[in-house]
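To start, the structure under review is shown below, and the notes come after it.
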Amino acid sequence: MRRFLFPILFAAVLVPALGGAALGSEAAHAFPLPLHTYPPAGPAGLFEILRQRIAADPFNLVATLIFLLAITHTFLATKFMHLAHRWRDEHAARADQGRGTVSFKAEIMHFLGEIEAIFGIWVVPLLAAITISKGWPVAESYVSHGVTFTEPMFVVIIMCIAATRPVLRFAEQGLRLLARLGGERPAAWWLAILTVGPLLGSFITEPAAITICALLLARQFYDLGPSVKFRYATLGLLFVNISVGGTLTHFAAPPVLMVAAKWGWDTPFMLTHFGWKAVIGILISNALYFAIFRREFATLRRAADSEAQPAPWSDRTDPVPGWVTTIHLAFLGWTVFTAHYPALFIGGFLFFLAFTAATEHHQNPLSLKPALLVGFFLAGLVVHGGLQGWWIEPVLARLGETTLLLGATGLTAFNDNAAITYLATLVPNFTDGLKYAVVAGAVVGGGLTVIANAPNPAGQSILSGYFRDGVAPLALALGALLPTVVMALCFLFLR
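For the sequence shown, this note's numbering assigns the number 37 to the initial residue and increments by one for each residue that follows.
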């Protein structure tokens, strides 16, 4: 991958000479170029339009090449992890020879294999290319003013609060009422978590819902040692269900939030046009995977019955006082209510930290690392995604309703679905049918990759330890394929 870096930086050096004359006075000082400053498309084909936009600012191509390298890096993450583990084992075997206790090269490989770190890593060559091409003031202005990091900050805070013991115990007790209908067997827990949990995302936001679902799945399912195939199927199903489960309201799912105000969509509209179809799709997908893996559930049942090991301290069952849980839920509600105002939800989080310190005997240790890594991932994705509108917008503008739904599903696998729907709001003369299609496609494709939907990195971070060398992107896509097809059919034919 390193050999691609020099040609990209070399191309960045040539950008001013190649593109300066093509820019108007307004566009010359804007980065990235506003979409309305490009020449009118007219009857030109898609490739001709893309060629014209590259000619207007050749850095468009540079930014997209770097973005593609970052995506390629995510598919190679498991190889970096495998190499890191091998070097770490070799270093440990030589520890008696007086070497240090930490292998530097193994730790570097581990960092390069962290899915959550990859897009942040590739921000470095991107900023270098911008600086070489357009100067440091442009690079600094783009990061400071051209993109917003509100969502990454929100996800960090909501993950930390949702993962606390009082909130998790509250959610577990609620889902236990459903699991009891199936005797609290692993299959009953699996169905309860993957059915009700994603729908909570419509009310407490998708990042909070996936955090709770992933933590409960870890305890009630992954700890029982299912097969690798079943692990990936469950992870893919979780991602797809979370992506569509937030469509019952207009304020919880990022791709819906991007269009709700501009297109006048409210909660009744979402419920009647999207929500009920999402519920049907979730039920069908869960039923299909339940039927496919029904024999393995019996094995998990025997494993659960035979477990004689004492529960770890973090899983202790002593009750949490109701007033402690209530205050935690109040902080969770405050964070959701102020989701667009970082000063308010970060300030609230500082008060929350003080409260957890005062009630430490009812808490588990608060681990900030997973949430910070997820925030780092999303921040990097925001920086890269802000430079991809030049090619996504004309692609969306040239598709019919059915092809747009399918096209948005495919595009979402390689770019955050909220970015897809945001760019759709910039396309003129979008009919109601096209608006429905692009949002439906964006939420349907939200489980195919880790980068497809903003909450996915939170679930991946919590559950990655159950996959040797981390989550393999291709295996995840295969695990999510069946529920993605089910959801696509529901949104296409249920009208």
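By construction, the Cβ of each residue, glycine as well, lies at the ideal position given by its N, Cα and C atoms. Just so we're clear, the structure is a prediction, and the values are computed from it rather than from any experiment.
Exercise. Less than 8 Å between the CB atoms is what I'm expecting for alanine 228 and leucine 251, so what's the real figure, rounded?
Key: Within the sequence shown, numbered from 1, the residue matching residue 228 stands at position 192. Within the sequence shown, numbered from 1, the residue matching residue 251 stands at position 215. At roughly 14 Å, the Cβ-Cβ gap does not stay under 8 Å, so alanine 228 and leucine 251 are not in contact.
Exercise. Go ahead and pull the three-state DSSP assignment for alanine 80.
Key: Looking up residue 80 in the sequence shown gives position 44. Residue state, collapsed to three classes: coil.
Quiz item: In terms of residue numbering, what span does the alpha helix (DSSP H) encompassing proline 406 cover?
Solution: Within the sequence shown, residue 406 is the residue found at index 370, counting from 1. Per DSSP, proline 406 belongs to the alpha helix (DSSP H) from 405 to 421.
Quiz item: Taking one C-beta from the region 310 to 317 and one from the region 493 to 508 each time, how about it: are there three or more such pairs within less than 8 Å?
Solution: no
Exercise. With a cut-off of 8 Å on the beta carbons, I'd call glutamate 399 and arginine 201 a contact; round off their distance for me.
Key: Taking the sequence shown and counting its residues from 1, the one referred to as residue 399 is at position 363. Taking the sequence shown and counting its residues from 1, the one referred to as residue 201 is at position 165. Glutamate is not the amino acid found at residue 399; the sequence shown has glutamine there. Yes, they are in contact, since the Cβ atoms of glutamine 399 and arginine 201 sit about 5 Å apart, within 8 Å.
Quiz item: Can you give the Cα-Cα distance for threonine 137 and methionine 189, rounded to whole angstroms?
Solution: Indexing the sequence shown from 1 puts residue 137 at position 101. Indexing the sequence shown from 1 puts residue 189 at position 153. Going by the C-alpha atoms only, they are around 34 Å apart.
Quiz item: Is the beta carbon of alanine 494 less than 8 Å from the beta carbon of valine 419?
Solution: On the sequence shown, position 458 is the one that residue 494 refers to. On the sequence shown, position 383 is the one that residue 419 refers to. Not a contact, by the Cβ cut-off of 8 Å.
Quiz prompt | Rounded straight-line distance, which links the Cα of threonine 283 to that of leucine 235 | solution = Taking the first residue of the sequence shown as 1, we reach residue 235 at position 199. Taking the first residue of the sequence shown as 1, we reach residue 283 at position 247. For leucine 235 and threonine 283, the distance between alpha carbons rounds to 8 Å.
Quiz prompt | Status (buried if at least 16 other CB within 10 Å, exposed otherwise) for valine 264 | solution = As a first step, residue 264 must be located in the sequence shown, where it is residue number 228. Result: exposed.
Quiz item: valine 522 and leucine 324: beta carbons closer than 8 Å?
Solution: Along the sequence shown, one-based indexing puts residue 522 at 486. Along the sequence shown, one-based indexing puts residue 324 at 288. The answer is yes: Cβ separation under 8 Å.
Self-check item: Same chain, Cβ closer than 7 Å to methionine 457, neighbours up to 5 away in sequence not counted
Solution: As a working note, residue 457 is residue 421 in the sequence shown. Here the sequence assigns threonine to residue 457, which means methionine is not the residue at that position. Result list for threonine 457: Pro291, Met294, Val295, Val474, Val475 and Ala478, in chain order.
Quiz item: For the alpha helix (DSSP H) that contains tyrosine 472, what are its first and last residues?
Solution: Taking the first residue of the sequence shown as position 1, residue 472 is located at position 436. Residues 468 to 480.
Practice problem: For glutamate 396, count neighbouring Cβ atoms within 10 angstroms of its own Cβ and tell me buried if that reaches 16, exposed if not. | Solution: For the purposes of this step, residue 396 is taken as residue 360 along the sequence shown, with counting starting at 1. Looking at its Cβ environment, which holds fewer than 16 other Cβ atoms inside 10 Å, glutamate 396 is exposed.
Quiz item: If we ignore side chains and look at the alpha-carbon of each, how far apart do glutamine 496 and proline 79 end up?
Solution: Numbered from 1 along the sequence shown, position 460 holds the residue referred to as residue 496. Numbered from 1 along the sequence shown, position 43 holds the residue referred to as residue 79. One C-alpha to the other measures close to 44 Å.
Quiz item: Would valine 431 pass as a contact of leucine 69 if the rule is Cβ separation under 8 Å?
Solution: Residue 431 sits at position 395 when you count from the first residue of the sequence shown. Residue 69 sits at position 33 when you count from the first residue of the sequence shown. Taking 8 Å as the Cβ cut-off, valine 431 and leucine 69 do not qualify as a contacting pair.
Quiz prompt | Close-in-space but distant-in-sequence residues of the same chain around leucine 217 (CB under 8 Å, 5 per side omitted) | solution = In the sequence shown, counting from the first residue as 1, residue 217 sits at position 181. The residues are Ala224.
Self-check item: aspartate 125, enclosing alpha helix (DSSP H) - first and last residue
Solution: Start at 1 with the first residue of the sequence shown, and residue 125 comes out as number 89. Here the alpha helix (DSSP H) through aspartate 125 covers 113 to 129.
Exercise. Look at the alpha carbon of alanine 91 and the alpha carbon of leucine 423, and state the distance between them as a whole number of angstroms.
Key: Here residue 91 refers to the residue found at position 55 of the sequence shown. Here residue 423 refers to the residue found at position 387 of the sequence shown. The alpha-carbon atoms of alanine 91 and leucine 423 are separated by roughly 15 Å.
Quiz item: Which stretch, first to last residue, makes up the alpha helix (DSSP H) that contains tryptophan 226?
Solution: What you label residue 226 is simply residue 190 of the sequence shown in a count that begins at 1. Residues 222 to 240.
Quiz item: What number of angstroms, rounded off, separates the C-alpha of asparagine 532 from the C-alpha of lysine 471?
Solution: The requested residue 532 does not occur in the structure, where the chain is confined to residues 37 to 531.
Practice problem: Whole angstroms is fine: what's the gap from glutamine 88's alpha carbon to threonine 73's? | Solution: As a first step, residue 88 is located in the sequence shown; it is residue number 52 there, counting from the start. As a first step, residue 73 is located in the sequence shown; it is residue number 37 there, counting from the start. Those two C-alpha atoms are separated by around 12 Å.
Quiz item: For alanine 113, which residues from the same chain have a beta carbon less than 7 Å from its beta carbon, with the 5 sequence-adjacent residues on both sides left out?
Solution: Reading the sequence shown from its first residue, position 77 is the one you call residue 113. Excluding sequence neighbours, alanine 113 sits near Gly149, Ile151, Ile154 and Gly506.
Exercise. Given a cut-off of 8 Å, decide if alanine 488 and threonine 448 are closer than it, judged by their beta-carbon atoms.
Key: Reading the sequence shown from its first residue, position 412 is the one you call residue 448. Reading the sequence shown from its first residue, position 452 is the one you call residue 488. In contact: threonine 448 and alanine 488 (Cβ atoms closer than 8 Å).
Self-check item: threonine 303 beta carbon less than 8 Å from that of histidine 286
Solution: Walking along the sequence shown from the start, residue 286 turns up at place 250. Walking along the sequence shown from the start, residue 303 turns up at place 267. The answer is yes: Cβ separation under 8 Å.
Quiz item: For glutamine 496, which three-state DSSP category applies?
Solution: Along the sequence shown, read from residue 1 onward, the residue named residue 496 stands at position 460. Of the three classes helix, strand and coil, the one that applies to glutamine 496 here is helix, per DSSP.
Quiz item: Are asparagine 451 and isoleucine 428 closer than 8 Å when you measure CB to CB?
Solution: Here residue 451 refers to the residue found at position 415 when the sequence shown is read from its first residue. Here residue 428 refers to the residue found at position 392 when the sequence shown is read from its first residue. Yes, these two residues count as a Cβ contact at 8 Å.
Quiz item: Can you tell me where the alpha helix (DSSP H) with arginine 205 in it begins and where it stops?
Solution: In the sequence shown, the residue the question calls residue 205 occupies position 169. Element bounds for arginine 205: 201 to 215.
Exercise. Specify, as a first and last residue, the run of the alpha helix (DSSP H) that isoleucine 193 falls within.
Key: Within the sequence shown, the letter at position 157 stands for residue 193. Residues 186 to 198.
Exercise. Use the C-beta contact count for isoleucine 85: other C-beta atoms within 10 angstroms, 16 or more gives buried, fewer gives exposed.
Key: For the purposes of this step, residue 85 is identified with residue 49 of the sequence shown, where counting begins at 1. Its Cβ being crowded by 16 or more others within 10 Å, isoleucine 85 is buried.
Exercise. Tell whether a beta-carbon distance below 8 Å holds between glycine 416 and glycine 156.
Key: Against the sequence shown, residue 416 aligns to sequence position 380. Against the sequence shown, residue 156 aligns to sequence position 120. In this structure, glycine 156 lies closer than 8 Å to glycine 416 by Cβ.
Quiz item: Can you list, in chain order, the residues of its chain whose CB lies under 6 Å from that of leucine 163, leaving out five sequence neighbours each side?
Solution: On the sequence shown, position 127 is the one that residue 163 refers to. So the qualifying residues of the chain are Ala175.
Exercise. Would you mind working out which of His181, Ile240, Glu187 and Tyr258 sits nearest histidine 376, comparing C-alpha positions?
Key: If you number the sequence shown from 1, residue 376 lands on position 340. The candidate whose alpha carbon is nearest that of histidine 376 is Glu187.
Quiz item: Can you give the Cα-Cα distance for leucine 530 and alanine 289, rounded to whole angstroms?
Solution: For the purposes of this step, residue 530 is taken as residue 494 along the sequence shown, with counting starting at 1. For the purposes of this step, residue 289 is taken as residue 253 along the sequence shown, with counting starting at 1. Roughly 21 Å between the two C-alpha positions.
Practice problem: Kindly give me the distance between the Cβ atoms of isoleucine 368 and isoleucine 240, rounded to whole angstroms, as I take these residues to be in contact under 8 Å. | Solution: Here residue 368 refers to the residue found at position 332 when the sequence shown is read from its first residue. Here residue 240 refers to the residue found at position 204 when the sequence shown is read from its first residue. Checking the sequence shown, residue 368 turns out to be leucine, not isoleucine. The pair is a contact, with the Cβ atoms about 7 Å apart (cut-off 8 Å).
Self-check item: Pairwise C-alpha distance: arginine 337 and glycine 233
Solution: Your numbering for residue 233 matches position 197 in the sequence shown. Your numbering for residue 337 matches position 301 in the sequence shown. In a straight line, the C-alpha of glycine 233 is about 22 Å away from that of arginine 337.
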